[in-house]
Amino acid sequence: MKKRLAVLGTGMVTGAICMVMAMTVFAAGITEDRAKEIALENAKVSQEDVSFIWTEVDYDHGRKIYDVEFFTKDYKEYDYEIDAENGTILEMDYDAEYELRDRREDRSRREGSAQTDDLITAEEAKAAALKQVGLEDSQVRWGRIEKDYDDGRILYEGKFFYNEMEYEFEVDGRDGRVVEWDVESIYD
């Protein structure tokens, strides 16, 4: 009887040790460096072309996440929230930061003397937004898109939905560059 109890006890202890080891491996998730790699892959930029502002561990709705923020050499700012367990991108935000432009051009826009003949169309703005994520018009469901005047610039602001994600964007009305970008789950 004592032998059976000893064998049973040894088996239980071994099982408990295996379970703790498995939980430790499972809980380890991805590293901070892997979170950076995931963000860079998604942004389609290389490590040499960016300057990381910060990467830190945070908790959102009870789950561990990495906040990753970086700038590219061409003044684009990216912010990511990445699930620390499996590397899923939970949220992504993109802003194009511009160098100072010719003050006369900005002043003329503020004063309303800018011509509207050289603006892109709403369809061209939608195409620029779709190109940003590599999707086709037939794959998405469109929300609003409207022309706006903000900080001396004419912009197209809009959003569309793909799978369970909501994409919001701003496109420069003059040159068609995506100047702001935000992606998040439709459940947030």
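Residue numbering for the sequence shown follows our numbering, beginning at 0 and increasing consecutively. From the three backbone atoms N, C-alpha and C, an ideal C-beta is built for every residue, glycine too.
Counted within 10 angstroms of its Cβ, other Cβ atoms place residue i as buried (16 or more) or exposed
i	result
F160	exposed
G133	exposed
K171	Note that residue 171 corresponds to Asp in the displayed sequence, not to Lys. With 16 or more Cβ atoms within 10 Å of its Cβ, D171 is classed as buried.
K130	exposed
K72	exposed
W180	buried
E74	Residue 74 is actually Tyr in this sequence, not Glu. The residue in question, Y74, is exposed, as its Cβ has fewer than 16 Cβ neighbours within 10 Å.
V56	exposed
E135	exposed
G157	buried
Y166	buried
Residues near residue i in its chain [Cβ-Cβ closer than 7 Å; skip 5 each side]
i	result
W141	F159
L118	I153, G172, R173
Straight-line gap, residue i to residue j (C-alpha atoms, nearest Å)
i	j	result
I185	M164	5 Å
R106	A126	The predicted model places R106 with a pLDDT of 47, which falls under 50 and marks its position as unreliable, so this point remains unresolved.
D78	F69	7 Å
V177	R143	16 Å
V44	Y148	30 Å
E122	F168	14 Å
G86	A128	24 Å
E31	E47	18 Å
E104	Y58	Per-residue confidence for E104 stands at a pLDDT of 48, beneath the threshold of 50, marking its modelled position as unreliable; the derived number appears in the next sentence. Their backbone Cα atoms lie some 44 Å apart in a straight line.
D187	G151	31 Å
S137	Y155	20 Å
Residues near residue i in its chain [Cβ-Cβ closer than 6 Å; skip 5 each side]
i	result
V139	F159, Y161
E90	E80, E183
D94	E76, E179
A38	V67, Y79
G196	Residue 196 lies beyond the residue range present for the chain, which begins at 0 and ends at 187; the question has no answer from this structure.
V49	F69, T71
K63	A83
Minimum C-alpha distance to residue i - residue among the options
i	options	result
E145	A124, G151, D136	A124
Y65	E84, D48, S50	E84
G92	G175, I29, N41, R33	First, the amino acid is wrong: residue 92 is Asp here, not Gly. It is N41.
G61	E47, K43, Q46, D82	D82
T54	E47, V44, K43, K35	K35
I88	E47, A128, S137, R33	R33
T120	G151, D187, G175	G175
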